[in-house]
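Colleague: Before I ask anything, here is the structure I am working with.
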Amino acid sequence: MKIAVLPGDGIGTEIVAEAVRVLDALDLNFEMETALVGGAAYEAHGHPLPEATLKLAKEADAVLFGAVGDWKYDKLDRPLRPEQAILGLRKNLGLFANFRPAICYEQLTHASSLKPELVAGLDILIIRELTGDIYFGQPRGKRVATDGHFPGADEAFDTMRYSRPEIERIARVAFEAARKRNRRVTSVDKANVLETFQFWKDVVTEVHKDYPDIELEHMYVDNAAMQLVKKPKAFDVIVTGNMFGDILSDEASMLTGSIGMLPSASLNDSNQGLYEPSHGSAPDIAGKGVANPLATILSAAMMLRFSLNQEEAAQRIETAVKAVLAQGLRTPDIWSEGTTKVGTREMGDAVLKALA
Ligand code: IPM
Ligand code: MG
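In short: position in the sequence shown from 1, add 70, done, that's this note's numbering.
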């Protein structure tokens with residue numbers, strides 16, 4: 071089993087180092103190979119996703135990814151910006167199914183900005199389509215307007231689009247996932263305004279005929295954003311498009327106390343996957359040793375489960391993470407009165423100890 075390790079930028083290197091230590095401790099004989107990605111790769115090779123990195127990722131059974139990005143690259147041409155690395159990996163590996171669980175751990179109920187009773191026991195799964203929608207739709211660019219409110223003015227445009235097979239396959243992923251959970255799927259759209267999402271709704275409804283045991287509801291994205299903070303526990307599986315999923319998954323992360331706790335998995339149709347924390351590179355705290363490594367460690371657990379067929383090892387990691395939380399250890403992002411503040415390395419040490 072081969073794992074491509076791509077730490078990236080900012081806190082990426084620190085948190086991935088802890089996840090790698092955890093994987094090493096499992097003694098499962100993985101082959102792990104590290105490569106540069108994002109801003110780090112741009113500095114060294116002039117491109118955020120060098121050929122060699124892409125090749126390594128394609129050949130591996132799974133990719134463990136840290137985070138990319140730094141404000142200092144915001145002025146680069148778009149194709150050279152660090153974010154293009156993650157978009158390029160998603161596209162080149164066909165990682166269309168993005169799993170973003172939002173789980174509120176018992177000990178972190180009070181770290182959420184919502185009232186504890188709203189989030190206690192929260193366990194929702196956002197399934198975000200990851201290779202289509204306005205993120206990848208062509209054409210896009212800048213031009214001079216020939217119509218609209220200001221003909222003759224400069225304008226920019228993107229294309230929102232989904233094809234039937236793209237919607238069908240992500241809908242199936244969602245219904246299958248719901249079968250292993252509470253059998254409820256909320257499909258989030260904007261069918262009241264957008265053709266793309268009227269089509270989305272229609273296709274999801276058709277696919278649902280194959281899953282009569284699953285309850286399906288449709289919800290507009292603005293309402294979904296509201297319900298997520300009003301009554302989040304009413305959700306089980308949420309399935310939605312690339313852009314709505316980007317936004318709603320950040321919102322959902324806040325229900326759990328910290329985005330520093332949330333892992334994610336992005337899979338293609340052969341279960342090859344990229345695993346990354348849901349948070350970004352946090353350049354403001356990079357190099358300080360205070361970043362929370364748990365989202366990355368939990369992403370490694372998802373990797374073991376989904377791509378490497380090691381369910382038992384995945385559960386060992388998840389149990390170890392719960393144990394360190396029960397011990398009261400907290401990185402600053404989840405710290406509260408009465409708990410023990412620790413840094414990235416200490417948190418990694420504690421997980422290793424709990425594993426043993
Ligand atoms: C995410 C991120 C990315 C996205 C960026 C970094 C391109 O926000 O994974 O949610 O928009 O998909
Ligand atoms: Mg995002």
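Ideal Cβ positions, reconstructed from N, Cα and C, are used throughout, including at glycine. These numbers come from a predicted model, not from an experiment.
In angstroms with no decimal places, state the Cα-to-Cα distance between Ala-445 and Val-214.
Modeller: Any question about residue 445 goes unanswered here, given that the chain covers just 71 to 426.
Colleague: Taking the beta carbon of Arg-148 as the centre, do at least 16 other beta carbons fall within 10 Å, making it buried, or is it exposed?
Modeller: Arg-148 counts as exposed, since fewer than 16 other C-beta atoms from the protein chains shown sit within 10 angstroms of its C-beta.
Colleague: I'd like to confirm something about Asp-306: is its beta-carbon nearer than 7 angstroms to some heavy atom of the ligand MG, or not?
Modeller: no
Colleague: Report the option in Gln-208, Gly-202, Tyr-175 and Phe-206 whose CA atom is closest to the CA atom of Leu-192.
Modeller: The residue with the shortest Cα to Cα distance from Leu-192 is Tyr-175.
Colleague: Which residue from Val-92, Leu-98 and Ile-156 puts its Cα closest to that of Ala-111?
Modeller: Ile-156
Colleague: Could you give the residue range of the beta strand (DSSP E) that holds Pro-347?
Modeller: Per DSSP, Pro-347 belongs to the beta strand (DSSP E) from 343–347.
Colleague: Pick out the complete beta strand (DSSP E) segments inside the stretch 261–330, 3 residues or longer, and give them in chain order.
Modeller: 285–290 and 307–310
Colleague: Using the beta carbon as the reference atom, which residues fall closer than 5 angstroms to any heavy atom of the ligand IPM, ordered along the chain?
Modeller: Glu-153 and Asp-316
Colleague: Give me, in chain order, the residues of the same chain whose beta-carbon lies closer than 7 angstroms to that of Leu-337; leave out the 5 immediate sequence neighbours on both sides.
Modeller: Leu-165, Ala-167, Gly-343 and Phe-376
Colleague: With contact counted as at least three CB pairs below 8 angstroms, one residue from each stretch, are the stretch 243–250 and the stretch 201–218 in contact?
Modeller: No, the stretch 243–250 is not in contact with the stretch 201–218.
Colleague: Alpha carbon to alpha carbon, how far is Thr-179 from Gly-211? Give it in angstroms, no decimals.
Modeller: 44 angstroms
Colleague: Comparing the CB of Asp-203 with every heavy atom of the ligand MG, is any distance shorter than 7 angstroms?
Modeller: no
Colleague: Of all the options Gly-158, Val-107 and Asn-312, which has the alpha carbon lying nearest to the alpha carbon of Val-75?
Modeller: Val-107
Colleague: Let me make sure I understand the geometry here. Which of Pro-347, Glu-416 and Val-421 has the alpha-carbon closest to that of Gly-78?
Modeller: Relative to Gly-78, the option among Pro-347, Glu-416 and Val-421 whose CA is nearest is Pro-347.
Colleague: Measure how close the beta-carbons of Thr-366 and Val-138 come, nearest whole angstrom, since I'm counting them as under 8 angstroms.
Modeller: Not a contact, Cβ separation roughly 14 angstroms.
Colleague: Can you list, in chain order, the stretches of the alpha helix (DSSP H) that have 4 or more residues and sit fully within the stretch 142–227?
Modeller: 153–163 and 186–189
Colleague: Going by DSSP, which residues form a beta bridge with Pro-333?
Modeller: As DSSP reads the structure, Pro-333 sits in a beta bridge with Pro-347.
Colleague: Ala-335: which of Trp-270, Met-372 and Val-421 sits nearest, CA to CA?
Modeller: Met-372
Colleague: For His-219, count neighbouring C-beta atoms within 10 Å of its own C-beta (all shown protein chains included) and say buried if the count is 16 or more, exposed if not.
Modeller: Exposed, because fewer than 16 other Cβ atoms sit within 10 Å of the Cβ of His-219.
Colleague: Hey, out of Lys-358, Asp-280 and Lys-279, whose CA is closest to Ile-81's CA?
Modeller: Lys-358
Colleague: Quick one, are the C-beta atoms of Leu-364 and Glu-388 less than 8 angstroms apart?
Modeller: Not in contact: Leu-364 and Glu-388 (Cβ atoms no closer than 8 angstroms).
Colleague: I'd like the list of long-range same chain contacts for Phe-267, defined as Cβ closer than 6 angstroms, with 5 residues on each side in sequence excluded.
Modeller: Asp-259, Lys-260 and Ala-261
Colleague: Is the beta carbon of Asp-320 within less than 7 angstroms of some heavy atom of the ligand MG?
Modeller: yes
Colleague: With DSSP as the reference, please indicate the residues paired to Gly-401 in a beta bridge.
Modeller: It should be pointed out that residue 401 corresponds to Thr in this sequence rather than to Gly. In DSSP, Thr-401 forms no bridge with anything.
Colleague: Going by CA-CA distance only, name the one from Pro-120, Phe-135 and Arg-239 that's closest to Ser-351.
Modeller: Phe-135
Colleague: Straight-line CA distance for Phe-314 to Ala-114?
Modeller: 34 angstroms
Colleague: Where does the unbroken alpha helix (DSSP H) through Gly-82 begin, and where does it stop?
Modeller: 82–95
Colleague: For my contact list, Gly-330 and Asn-379 are in at a C-beta cut-off of 8 angstroms; report their separation, rounded to the angstrom.
Modeller: The C-beta separation of Gly-330 from Asn-379 comes to about 28 angstroms, leaving the pair out of contact by the 8 angstroms criterion.
Colleague: Could you tell me the boundaries of the beta strand (DSSP E) in which Arg-254 lies?
Modeller: 254–259
Colleague: Report the rounded CA-to-CA distance for Asp-97 versus His-278, giving the unit in angstroms.
Modeller: Using only the alpha carbons, I get a separation of about 42 angstroms.
Colleague: Here's a check: name, in chain order, each residue in its chain whose Cβ is nearer than 8 angstroms to the Cβ of Glu-321, leaving out the five neighbours to either side.
Modeller: The residues are Ala-295, Leu-298 and Val-299.
Colleague: I'd like to know whether the C-beta atoms of Arg-130 and Lys-72 end up nearer to each other than 8 angstroms.
Modeller: Sequence inspection shows Ala at residue 130; the Arg mentioned does not correspond to that position. Cβ distance < 8 angstroms, so Ala-130 and Lys-72 count as in contact.
Colleague: Can you find the residues in the same chain that come closer than 6 angstroms, C-beta to C-beta, to Ala-424, ignoring five residues on each side of it along the sequence?
Modeller: If you ignore the 5 residues before and after Ala-424, its C-beta comes within less than 6 angstroms of the C-beta of Ala-390, Ala-393 and Val-394, all in its own chain and listed in chain order.
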